[in-house]
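One structure is given below, encoded as structure tokens.
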Amino acid sequence: SAVISQKPSRDICQRGTSLTIQCQVDSQVTMMFWYRQQPGQSLTLIATANQGSEATYESGFVIDKFPISRPNLTFSTLTVSNMSPEDSSIYLCSVVYGYEQYFGPGTRLTVT
Amino acid sequence: RKEVEQDPGPFNVPEGATVAFNCTYSNSASQSFFWYRQDCRKEPKLLMSVYSSGNEDGRFTAQLNRASQYISLLIRDSKLSDSATYLCVVMGSSYKLIFGSGTRLLVRP
Chain A
1 SAVISQKPSR
11 DICQRGTSLT
21 IQCQVDSQVT
31 MMFWYRQQPG
41 QSLTLIATAN
51 QGSEATYESG
61 FVIDKFPISR
71 PNLTFSTLTV
81 SNMSPEDSSI
91 YLCSVVYGYE
101 QYFGPGTRLT
111 VT
Chain B
113 RKEVEQDPGP
123 FNVPEGATVA
133 FNCTYSNSAS
143 QSFFWYRQDC
153 RKEPKLLMSV
163 YSSGNEDGRF
173 TAQLNRASQY
183 ISLLIRDSKL
193 SDSATYLCVV
203 MGSSYKLIFG
213 SGTRLLVRP
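In the order they appear, the protein sequences are chains A and B.
Residue numbers 1 to 112, in our numbering, belong to the letters of the first sequence in order.
Residue numbers 113 to 221, in our numbering, belong to the letters of the second sequence in order.
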């Protein structure tokens, strides 16, 4: 399986600010995803971030709020923009390796 | 109707017990199915893929019933370390994963 790291592991941010989350993979992968897990909930897909193409967003998520970069096959960033308390969540990146999907350790975001 | 439905539990069982979780999915065209395990404050970890013929990995057995659109996970001889939330996951188009809400398992001494 791939080894995935995320930075920061956690942060506390003020409303109205933005946070950029980094996801680093130890091997080259084509398909990468960003998920959100709100408190007490299961995971919801935010967007697909494949290298060489624009990120594609799921219903309810927009690029202005969650811009994504995917500059190469081992790295991606997700920015949570103009944060509000409703954005308090765990944000996880995942990669497809083989035909299975593996998750990073997550970034725990609290917006005050 | 949710795309993937699970009983949230919790299932509270003694060590050594056998416990089974079921999950139903709504899209009959779904092709790939998985069980993930999530410990408190950790990321989900792949427990096992679910194949049409059923598959077993040690104490864990997963089965798929396409006609009824349900997936099951059986855990035999439960250990304290099996306490976690078990997520039923269906793969949609383009490798997107659709998660159930999870079933919480508590194994007591």
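Quick reminder that beta carbons are idealized off the backbone N, C-alpha and C, glycines included.
Keep in mind it's a predicted model, so treat the numbers as computed, not measured.
7 Å Cβ cutoff, residue i in contact with chain B
i: Val-96 of chain A; result: yes
i: Glu-100 of chain A; result: yes
i: Ser-42 of chain A; result: yes
i: Pro-105 of chain A; result: yes
i: Met-32 of chain A; result: no
i: Leu-73 of chain A; result: no
i: Leu-78 of chain A; result: no
Residue-level contact to chain A via CB, residue i, 7 Å cutoff
i: Leu-158 of chain B; result: yes
i: Lys-208 of chain B; result: yes
i: Phe-211 of chain B; result: yes
i: Gly-166 of chain B; result: no
i: Gly-121 of chain B; result: no
i: Glu-155 of chain B; result: yes
i: Gly-170 of chain B; result: no
i: Gly-214 of chain B; result: yes
Cβ pair residue i, residue j closer than 7 Å
i: Arg-216 of chain B; j: Pro-122 of chain B; result: yes
i: Thr-173 of chain B; j: Leu-186 of chain B; result: yes
i: Phe-145 of chain B; j: Val-219 of chain B; result: no
i: Met-31 of chain A; j: Val-96 of chain A; result: yes
i: Arg-149 of chain B; j: Tyr-207 of chain B; result: no
i: Ser-213 of chain B; j: Pro-156 of chain B; result: no
DSSP bridge partner residues for residue i (one or two, in chain order)
i: Val-62 of chain A; result: According to DSSP, Val-62 of chain A bridges with nothing at all.
i: Ile-68 of chain A; result: A:Leu-78
i: Ile-21 of chain A; result: A:Leu-78
i: Ala-132 of chain B; result: B:Leu-186
i: Val-157 of chain B; result: At residue 157 of chain B the sequence reads Lys, which differs from the Val that was named. Partner(s): B:Arg-149.
i: Lys-7 of chain A; result: A:Gln-22
Contact belief for residue i with residue j at Cβ below 8 Å, rounded distance in angstroms
i: Cys-23 of chain A; j: Ser-76 of chain A; result: 5 Å
i: Leu-109 of chain A; j: Cys-13 of chain A; result: 7 Å
i: Gln-38 of chain A; j: Gly-106 of chain A; result: In fact, because the Cβ distance is near 12 Å, the residues do not count as touching under 8 Å.
i: Phe-61 of chain A; j: Leu-78 of chain A; result: Going by Cβ atoms, the distance from Phe-61 of chain A to Leu-78 of chain A rounds to 10 Å, so no, they are not a contact pair.
Terminal residues of the beta strand (DSSP E) in which residue i lies
i: Ala-179 of chain B; result: Note, Ala-179 of chain B: premise wrong, no beta strand (DSSP E); not H, not E.
i: Pro-126 of chain B; result: 123-126
i: Asn-167 of chain B; result: 167-169
i: Val-96 of chain A; result: 89-97
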